[in-house]
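Enquirer: One structure coming up, written as structure tokens, with questions to follow.
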């Protein structure tokens, strides 16, 4: 392997990213827009937009390797198991964490179009 290729590979990090969480005012007959909407105690609804382009996802962590990223993802979802499901805001966050994924920092899907 040439030195400049090795250097380029060493510069690639990893992001643990989560899909956006959507909120809207709850109204009678609101369309689902293909999302599973959860009624929240404040009179709004929330959904996880797992089908959103990756450029709209949030970066939860930046890590040095894919293995470290996968470990962080496991820790994130493991922490959620201790959250009471009666807390609907926490439940929505748990859904987003379940859809979290690891991507290389140079993944072209992260670029805004």
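Residue numbers (my numbering): 2 to 114. The beta-carbon is built from N, C-alpha and C at its ideal position, and this holds for glycine as well.
1. When burial is assigned at 16 or more other CB atoms within 10 Å of the CB, is residue 74 buried or exposed?
2. Within the continuous alpha helix (DSSP H) that includes residue 37, where are the two ends?
3. Whose C-alpha, out of 42, 45, 68 and 53, is nearest the C-alpha of residue 97?
4. When the Cβ atoms of the stretch 25 to 38 are set against those of the stretch 48 to 64, are three or more pairs found closer than 8 Å?
5. Roughly how many whole angstroms lie between the Cα atoms of residue 104 and residue 67?
6. Look at the Cβ atom of residue 64, then the Cβ atom of residue 101, and state whether they are nearer than 8 Å.
7. What number of angstroms, rounded off, separates the C-alpha of residue 95 from the C-alpha of residue 19?
8. Apart from the five residues on each side of it in sequence, which residues of its chain come closer than 6 Å, Cβ to Cβ, to residue 109?
9. Between which two residues does the alpha helix (DSSP H) harbouring residue 95 extend?
Expert: Looking at the coordinates:
1. Reading the chain shown from its first residue, position 73 is the one you call residue 74. Residue 74 is buried by the Cβ-count criterion.
2. Translated into positions along the chain shown, residue 37 becomes position 36. That residue, residue 37, is in no alpha helix (DSSP H); it is neither H nor E in DSSP.
3. Reading the chain shown from its first residue, position 96 is the one you call residue 97. Closest by alpha carbon: 53.
4. yes
5. Taking the first residue of the chain shown as 1, we reach residue 104 at position 103. Taking the first residue of the chain shown as 1, we reach residue 67 at position 66. Their backbone Cα atoms lie some 8 Å apart in a straight line.
6. The residue you call residue 64 lines up with position 63 of the chain shown. The residue you call residue 101 lines up with position 100 of the chain shown. Contact flag unset, no.
7. Mapped onto the chain shown, residue 95 falls at position 94. Mapped onto the chain shown, residue 19 falls at position 18. If I take the Cα positions, the gap works out to 10 Å.
8. Here residue 109 refers to the residue found at position 108 of the chain shown. There are no such residues.
9. For the purposes of this step, residue 95 is taken as the residue at position 94 of the chain shown. Taken as a continuous stretch (DSSP letters only), the alpha helix (DSSP H) holding residue 95 covers 89 to 99.
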